[in-house]
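**Q** My questions will all concern the structure given below.
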Amino acid sequence: MTTPHSTPWVRTTPAGLYVEPGDFHVDPVRGVERSVVTHGHSDHARPGSRHVLATPETLAIMRLRLGDQAGGTLQPLPYGETVRIGEVDVRLAPAGHVLGSAQVVLEWRGSRIVVSGDYKRRPDPTCALFEPVECDVFITEATFGLPVFRHPDDGHEIGRLLHSLALFPDRVHLVGVYSLGKCQRLLALLRRHGYDRPVYLHGALIQMTELYGRLGVALGETLPAAGVARGELAGQILLAPPSAMHDLWARKLPDPLIAMASGWMRVKQRAKARGVELPLVISDHADWDELVGTIAEVKAPEIWVTHGNEEALVRQATLLGRKARALSVVGYEDDET
Ligand SMILES: [Zn+2]
Ligand SMILES: [Zn+2]
Numbered sequence: 005m006t007t008p009h010s011t012p013w014v015r016t017t018p019a020g021l022y023v024e025p026g027d028f029h030v031d032p033v034r035g036v037e038r039s040v041v042t043h044g045h046s047d048h049a050r051p052g053s054r055h056v057l058a059t060p061e062t063l064a065i066m067r068l069r070l071g072d073q074a075g076g077t078l079q080p081l082p083y084g085e086t087v088r089i090g091e092v093d094v095r096l097a098p099a100g101h102v103l104g105s106a107q108v109v110l111e112w113r114g115s116r117i118v119v120s121g122d123y124k125r126r127p128d129p130t131c132a133l134f135e136p137v138e139c140d141v142f143i144t145e146a147t148f149g150l151p152v153f154r155h156p157d158d159g160h161e162i163g164r165l166l167h168s169l170a171l172f173p174d175r176v177h178l179v180g181v182y183s184l185g186k187c188q189r190l191l192a193l194l195r196r197h198g199y200d201r202p203v204y205l206h207g208a209l210i211q212m213t214e215l216y217g218r219l220g221v222a223l224g225e226t227l228p229a230a231g232v233a234r235g236e237l238a239g240q241i242l243l244a245p246p247s248a249m250h251d252l253w254a255r256k257l258p259d260p261l262i263a264m265a266s267g268w269m270r271v272k273q274r275a276k277a278r279g280v281e282l283p284l285v286i287s288d289h290a291d292w293d294e295l296v297g298t299i300a301e302v303k304a305p306e307i308w309v310t311h312g313n314e315e316a317l318v319r320q321a322t323l324l325g326r327k328a329r330a331l332s333v334v335g336y337e338d339d340e341t
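Printed below as a string of structure tokens:
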């Protein structure tokens, strides 16, 4: 691998990461002329760009969420294929975060920069596994960029949910899940662990789950929770977005047992503050060991950290002999809640 150019050809602008020799942005925080989008979460896939390039799955997710605002023209690029934009070769590699999520591999004059977007390293039955790509500059998130964050095995966490269901067969198990990714992963994990009863869904989760189904991800039988008699929900699993967990709708449920699936459930006070009785540590982001391991694996001499706990990861990368800095891109939020 050649040494990176001393003048960075990818830099931050008020609209986000800008790739100068290609004249496009990656995950711009507002509408721009030309954008490449890593995945469908709303802080990465913003409305209003003229031309959008992403995986076919990400474009389908954007169309569902944003309608006509998804972009003027939408150009699908499957994993592994290369297109040239301006002077830059662009390829998308799986990021393992949610369905369609991609790292953007950029090559210009012998230098390779990888924008990883959000990513995780664990296998996830609902999306392609993260592919490490060696590069000169690796641009990484750091949502769980502190040594306290070590995610347990997801099978262990699903086991705890199923155990609780056996212990409390009359309580509806209300599980807070992010609507894109976590909801569908939880369904797939439940099926993988032998749970074959229908799973009830809050209305806000139905369309995205149906889209996953249309895109070929089998999730078993789901039923809308709306209009179901209270008694019928006893002993069932009901998934809902975290925002709906404590509203009137949730309070009307029969003796609900509140659970939440998020990497933040590792923090006991956070679970307690949110009234979560059964915290499930299931994350769609890399934990500390995986962030640090990935930095080593991609062999990049230079690491840029976009969002999360930038400081700790920058320090660790520096200790590993990398040139590292925080980019502090404004506008990226936390999709684990
Ligand atoms: Zn995300
Ligand atoms: Zn993010």
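With my numbering, the residue at position 200 of the sequence shown is 204, and numbering never jumps.
Note that the Cβ used here is the ideal one computed from N, Cα and C, for glycine as well.
#1: Within the chosen definition, does the stretch 63 to 82 reach the stretch 39 to 50 through at least 3 CB pairs nearer than 8 Å?
#2: Please decide whether L63 counts as near chain D, where near means a Cβ-Cβ distance under 8 Å.
#3: Please report the Cβ distance between L219 and C187, rounded to the nearest whole angstrom; I am assuming they are in contact, meaning their Cβ atoms lie under 8 Å.
#4: Tell me the residue span of the beta strand (DSSP E) that contains K276.
#5: Quick one: what's G312 bridged to in DSSP?
#6: Just to confirm before moving on: does the CB-CB distance between I117 and D93 stay below 8 Å?
#7: Can you list, in chain order, the stretches of the beta strand (DSSP E) that have 3 or more residues and sit fully within the stretch 19 to 64?
#8: Between T16 and H250, what straight-line distance do the alpha-carbon atoms span, to the nearest angstrom?
#9: Taking 7 Å as the cut-off, is the CB of E145 close to at least one heavy atom of ligand 2?
#10: Check the DSSP bridge columns for S115 and list the partner residues they point to.
#11: State the CB to CB distance for the pair V33 and G335, rounded to an integer number of angstroms; the pair is presumed to be in contact (CB under 8 Å).
#12: So, under 8 Å CB-CB, F142 and S120 are touching, yes? Tell me the CB distance rounded to an integer number of Å.
#13: Tell me the residue span of the alpha helix (DSSP H) that contains M212.
#14: Give me the Cβ distance between T226 and L257, rounded to the nearest whole Å; I'm assuming they're in contact under 8 Å.
#15: Could you check what DSSP says for R175 in three-state terms: helix, strand or coil?
#16: Between the stretch 24 to 31 and the stretch 93 to 112, are three or more C-beta pairs nearer than 8 Å?
#17: Nearest by alpha-carbon distance to L323: which of R274, A254 and I299 is it?
#18: Check the DSSP bridge columns for L282 and list the partner residues they point to.
#19: Could you check if Y336 belongs to the surroundings of ligand 2, using beta carbon to heavy atom distance under 7 Å?
#20: Please classify K124 as buried or exposed, where buried requires at least 16 neighbouring CB atoms within 10 angstroms.
#21: Does DSSP put T6 in a helix, a strand or coil?
#22: Would you list the one or two residues that DSSP bridges to P98?
#23: The beta strand (DSSP E) that contains K327, what's its start and end?
#24: Measuring alpha carbon to alpha carbon, tell me which residue in P305, R319, G35 and G100 is nearest A330.
#25: For V40, count neighbouring C-beta atoms within 10 Å of its own C-beta (all shown protein chains included) and say buried if the count is 16 or more, exposed if not.
**A** On the basis of the data shown:
#1: yes
#2: Absent from the structure is chain D; it holds one protein chain and no more.
#3: Not really, about 14 Å apart at Cβ, beyond 8 Å.
#4: Per DSSP, K276 belongs to no beta strand (DSSP E); it is in the alpha helix (DSSP H), K272 to A277.
#5: A146
#6: no
#7: 20 to 23, 28 to 30, 38 to 40 and 55 to 58
#8: 38 Å
#9: yes
#10: W112
#11: 3 Å
#12: 7 Å
#13: G207 to R218
#14: Their Cβ separation, rounded to whole angstroms, is 17 Å, which puts T226 and L257 out of contact at 8 Å.
#15: coil
#16: yes
#17: I299
#18: A263
#19: yes
#20: buried
#21: Residue confidence is low: T6 scores 46 on pLDDT, short of 50, so the model does not pin down where it sits. No coordinate-derived value is stated.
#22: A106
#23: K327 to A330
#24: R319
#25: buried
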